[in-house]
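In my numbering, the protein residues as written are 2 to 431.
Note that beta-carbon positions come from the ideal geometry of N, C-alpha and C, so glycine has one too.
Treat the numbers as computed from the prediction; the structure is a model and nothing was measured.
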């Protein structure tokens, strides 16, 4: 239904138009009326009608002045002038403002119905055109985002030669020219995650991502890429002597925006090391990714580094209790919620080290970690609406024959790949 609003100072005419037309029959919803332009304007701003019917000669604000304001503020609103004055000057002004029709009083019902039918067809066609244009723009943006992500993935996995990197960057209008580079990864997730969406998406998180995007758009030396559901990558460019300072400044800028978002957001950062060649970026990225994966073991650490990792290992070594393997279920759930495929191996290493196999028979330890991972994965799938019974392949069911660490690692890797695949599929649906 298209919304229609009427402005007419003569109450008899106003009520006649309102009551004698079967608006819904012709695809319109009568949303209100007013006796003059001054009263009508705030109502029009609130309702934002698709069609405005207005008289010309009215007290306080006439129809032409009202039409001019509406045309500026609501360019898609169609305007029809209803007037008792067969004046060429009025008609000229109306045409200049782009009104759809100039009707003379008294308004005959048949004439109004004919006009509504014509306008309804025209407005539907224009609406379809706007929807198509919006869809085209959205698809173009999605394709650009996919192309940028795919390009970054090819850079950091060594899938492109330097000449191919340069050629693709030019095609995507990405300026990679610089004497030095570094990669910074940052992960964002909702602290109030309740299982209703795989990535815990909230308004606070969306607002923070918008602010971060705006910040990076203003910086030519920082190129932002979306890496996965929760993680973004920043390619930092600059002279060899200024890369470290730019990396530090970038970290602080991201942190400042995250702090402003408050405790609703969990955020973590890690960076690689400065390099002077594009061909060295895969090693730089691998280091940043490895360090960032430790956020599951130390969620309270926002800035992750090699030093913080060593500190964590030392603390865990001191407090480990021999003979009692333990796995933090919350860390597993967090990884299922926001972990990336590239982090699986590193996370499994961390999990097995932190479980503490010293003093435990090897077979018992392997079964313990695999069964713990299996039940945690099944519980997580249930929380996002994927029943473990329906979505769990037979080959991933618990296995009693696993007795070696390599077998345990391979089995847990299969589980995590399966969970992340289902999680991402559910995320795309939402």
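Rounded C-alpha distance that separates residue i from residue j
i: residue 428; j: residue 383; result: 14 Å
i: residue 162; j: residue 417; result: 31 Å
i: residue 185; j: residue 331; result: 26 Å
i: residue 18; j: residue 27; result: 14 Å
i: residue 196; j: residue 380; result: Because residue 196 carries a pLDDT of 45, less than 50, the predicted location of this residue cannot be relied on, and the following value inherits that uncertainty. So the alpha carbons of these two residues sit roughly 11 Å apart.
i: residue 85; j: residue 138; result: 44 Å
i: residue 172; j: residue 277; result: 23 Å
i: residue 79; j: residue 154; result: 48 Å
i: residue 129; j: residue 52; result: 17 Å
i: residue 63; j: residue 43; result: 15 Å
i: residue 116; j: residue 141; result: 37 Å
i: residue 367; j: residue 422; result: 24 Å
i: residue 203; j: residue 159; result: 35 Å
i: residue 105; j: residue 83; result: 6 Å
i: residue 81; j: residue 103; result: 6 Å
i: residue 4; j: residue 189; result: 41 Å
i: residue 147; j: residue 226; result: 10 Å
i: residue 304; j: residue 251; result: 12 Å
i: residue 35; j: residue 207; result: 39 Å
i: residue 198; j: residue 333; result: At residue 198 the pLDDT is 47, less than 50, meaning the model places this residue with poor confidence; the figure from the coordinates comes in the next sentence. Taking the straight line joining both Cα atoms gives about 17 Å.
i: residue 343; j: residue 232; result: 11 Å
i: residue 169; j: residue 149; result: 10 Å
i: residue 398; j: residue 217; result: 45 Å
i: residue 287; j: residue 354; result: 20 Å
i: residue 274; j: residue 123; result: 59 Å
i: residue 298; j: residue 191; result: 17 Å
i: residue 322; j: residue 373; result: Residue confidence is low: residue 322 scores 47 on pLDDT, short of 50, so the model does not pin down where it sits. Its coordinate-derived value is still stated next. Distance between the alpha carbons of residue 322 and residue 373: 18 Å.
i: residue 30; j: residue 118; result: 13 Å
Buried or exposed (CB count within 10 angstroms, at least 16 for buried), residue i
i: residue 74; result: exposed
i: residue 351; result: buried
i: residue 340; result: buried
i: residue 133; result: exposed
i: residue 46; result: exposed
i: residue 215; result: exposed
i: residue 156; result: buried
i: residue 212; result: exposed
i: residue 77; result: exposed
i: residue 65; result: buried
i: residue 68; result: buried
i: residue 95; result: buried
i: residue 178; result: exposed
i: residue 165; result: exposed
i: residue 269; result: buried
i: residue 230; result: buried
Boundaries of the beta strand (DSSP E) in which residue i is found, first to last residue
i: residue 405; result: No beta strand (DSSP E) contains residue 405, which DSSP labels as neither H nor E.
i: residue 4; result: 3-8
i: residue 34; result: 29-35
i: residue 295; result: That residue, residue 295, is in no beta strand (DSSP E); it is neither H nor E in DSSP.
i: residue 79; result: 79-84
i: residue 54; result: 52-56
Supposed contact pair residue j and residue i - C-beta distance, whole angstroms, cut 8 Å
i: residue 271; j: residue 292; result: 4 Å
i: residue 414; j: residue 310; result: Residue 414 to residue 310, Cβ: 21 Å. No contact.
i: residue 101; j: residue 120; result: 6 Å
i: residue 10; j: residue 60; result: 7 Å
i: residue 260; j: residue 222; result: With a Cβ gap of about 23 Å, residue 260 and residue 222 do not count as contacting.
i: residue 348; j: residue 404; result: With 8 Å as the limit, residue 348 and residue 404 do not qualify as a contact, their Cβ atoms being about 22 Å apart.
i: residue 420; j: residue 337; result: 5 Å
Coarse secondary structure for residue i, derived from DSSP in three states
i: residue 99; result: coil
i: residue 233; result: strand
i: residue 117; result: helix
i: residue 346; result: helix
i: residue 199; result: In this predicted model, residue 199 has a pLDDT of only 45, less than 50, meaning its place in the structure is not dependable; the value taken from the coordinates is given anyway. Looking at residue 199 - three-state DSSP - the assignment turns out to be coil, as it is neither helix nor strand.
i: residue 224; result: strand
i: residue 286; result: helix
i: residue 61; result: coil
i: residue 181; result: strand
i: residue 189; result: strand
i: residue 105; result: strand
i: residue 38; result: helix
i: residue 324; result: Caution is warranted here: a pLDDT of 48 is assigned to residue 324, below 50, making its placement in the model unreliable, and no coordinate value can be reported.
i: residue 318; result: Low confidence applies here, because residue 318 scores a pLDDT of 46, under 50, leaving its location unreliable; read the following figure in that light. If DSSP states are grouped into helix, strand and coil, residue 318 belongs with the helices.
Start-to-end residues for the alpha helix (DSSP H) that takes in residue i
i: residue 252; result: 244-262
i: residue 372; result: 363-384
i: residue 272; result: Note, residue 272: premise wrong, no alpha helix (DSSP H); beta strand (DSSP E) at 266-272.
i: residue 160; result: No alpha helix (DSSP H) contains residue 160, which DSSP labels as neither H nor E.
i: residue 336; result: 330-339
i: residue 16; result: 12-21
i: residue 49; result: Where residue 49 is concerned, there is no enclosing alpha helix (DSSP H), given that its DSSP letter is neither H nor E.
i: residue 215; result: 204-218
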